[in-house]
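Here is the structure we will look at.
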Amino acid sequence: MNDQTDILLDSGTNELEVVMFEVANGTFGINVLKVREIINPLPITLTPNAHKHVEGVIRLRQEVIPVVDLAKVLNLPASDDPTQDKFIVAELNKMKVAFHVHSVSRIHRISWEQIEKPSELSLNAESHTIGIVKLEDEMSLLLDFEKIVVDINPKTGLSVEQIKKLGQRERSEKRIMIAEDSAILRKLLSDTLKEAGYEKLTFYENGRQAWDVLEEYKQSDGDLPVDLIITDIEMPQMDGHHLTRRIKQDPVLKQLPVLIFSSLITSDLHHKGEKVGADKQISKPEIVELVQTIDTFVK
Numbered sequence: 001m002n003d004q005t006d007i008l009l010d011s012g013t014n015e016l017e018v019v020m021f022e023v024a025n026g027t028f029g030i031n032v033l034k035v036r037e038i039i040n041p042l043p044i045t046l047t048p049n050a051h052k053h054v055e056g057v058i059r060l061r062q063e064v065i066p067v068v069d070l071a072k073v074l075n076l077p078a079s080d081d082p083t084q085d086k087f088i089v090a091e092l093n094k095m096k097v098a099f100h101v102h103s104v105s106r107i108h109r110i111s112w113e114q115i116e117k118p119s120e121l122s123l124n125a126e127s128h129t130i131g132i133v134k135l136e137d138e139m140s141l142l143l144d145f146e147k148i149v150v151d152i153n154p155k156t157g158l159s160v161e162q163i164k165k166l167g168q169r170e171r172s173e174k175r176i177m178i179a180e181d182s183a184i185l186r187k188l189l190s191d192t193l194k195e196a197g198y199e200k201l202t203f204y205e206n207g208r209q210a211w212d213v214l215e216e217y218k219q220s221d222g223d224l225p226v227d228l229i230i231t232d233i234e235m236p237q238m239d240g241h242h243l244t245r246r247i248k249q250d251p252v253l254k255q256l257p258v259l260i261f262s263s264l265i266t267s268d269l270h271h272k273g274e275k276v277g278a279d280k281q282i283s284k285p286e287i288v289e290l291v292q293t294i295d296t297f298v299k
């Protein structure tokens, strides 16, 4: 697979393309937008005191990239046939990581409506799964690669300490709606934004829930219950690009500032947010930049 820009979807269609791969006897998926390339395994250089899920580093052209063994992450057996193994080189949270998998099958183009949030009964709180992909003849798990990386190196995640460096801040009455499917990130965003002075926060698990609330208030002719919207991109049922496009195409809602806060904000993909009308796009985990951007929109 070459650079993923060859197969980018139109912005705001509520669709995604998923690279399906196998680890042991399980089938999993990764959003094509995260994938830079898929390669045969390269020689790995061991690194001292590395996390148990990190095999070491590889040199890919001029870049040194860590290798994460997904079998260890998922507590699955090692590969039966290492000759078929692949490295999926992904870019997220402004960093590149090679994920070691056992085989790569094909790319599926699907709607976010085909992805269901895992239930608490099927997956425990420590799960690395953000969604269950329902295909005609099989199901696969869409992995939370951001969580996998943050578990290995917590410094790549959000931190209240980063906000404290901004110094004393005034409390704000501005109302912020946040669409974010990760429970862990919802908690971190709540902690960091409240530390920054923004306490009137309303969270929704996906774009569909947020949109339904906006629609309900619009139809009741009441005042909108929000001054600004923050949305992730990858979410079951309705993604952030589609939510943004709906808001910006609506004559009543288009006045609302929409900030996209996602690990998918890269130089190659920035145009997708621009096309749907996002007022600003910030890459996770740049929480200070997010707060400073909120400040400019809600004064």
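Numbering (the UniProt record's numbering), first residue to last: 1 to 299.
Using N, Cα and C, we set each Cβ at its ideal position, and we do this for glycine too.
Bear in mind the structure is a predicted one, so any value in this text is a computation, not a measurement.
- When rounded, the separation of the alpha-carbon atoms in S172 and A24 is 50 Å.
- Rounded to the nearest angstrom, the gap between the Cα atoms of I152 and P77 is 20 Å.
- For the UniProt domain "CheW-like" (15-154), the continuous alpha helix (DSSP H) assignments of 4+ residues that do not extend past its boundaries occur at 70-73 and 145-152, in sequence order.
- Judged by beta-carbon spacing, I265 lies beyond the 9 Å limit of T231, meaning their Cβ atoms are not closer than that value.
- Using a Cβ-Cβ distance cut-off of 8 Å, the stretch 208-218 and the stretch 280-294 are not in contact, since fewer than three pairs of beta carbons, one from each stretch, lie closer than that value.
- Under the Cβ criterion (8 Å, minimum of three pairs), the stretch 229-246 counts as touching the stretch 103-115.
- The three-state reading of DSSP puts L243 in helix, counting H, G and I together.
- According to DSSP, residue pairing for V258 in a beta bridge involves I229.
- Of the candidates I30, T296, E289 and P154, I30 places its Cα closest to the Cα of H108.
- Separation of V149 and A179 (C-alpha to C-alpha, rounded to the nearest whole angstrom) is 21 Å.
- Take I176, set aside five residues on each side of it, and the residues of its chain with a beta-carbon closer than 6 Å to its own are Y198, L201 and L228, in chain order.
- Burial state of P154 is exposed, judged by a 10 Å Cβ sphere holding fewer than 16 other Cβ atoms.
- Nearest Cα to I247 within the set L269, H270, G277 and P225: G277.
- Take the alpha-carbon of E161 and the one of K72: they are about 30 Å apart.
- E216: member of the alpha helix (DSSP H) spanning G207 to Q219, first to last residue.
- When secondary structure is reduced to three states using DSSP, K284 falls in the coil class, being assigned neither helix nor strand.
- At the C-beta level, H100 and D80 stay beyond 9 Å of one another.
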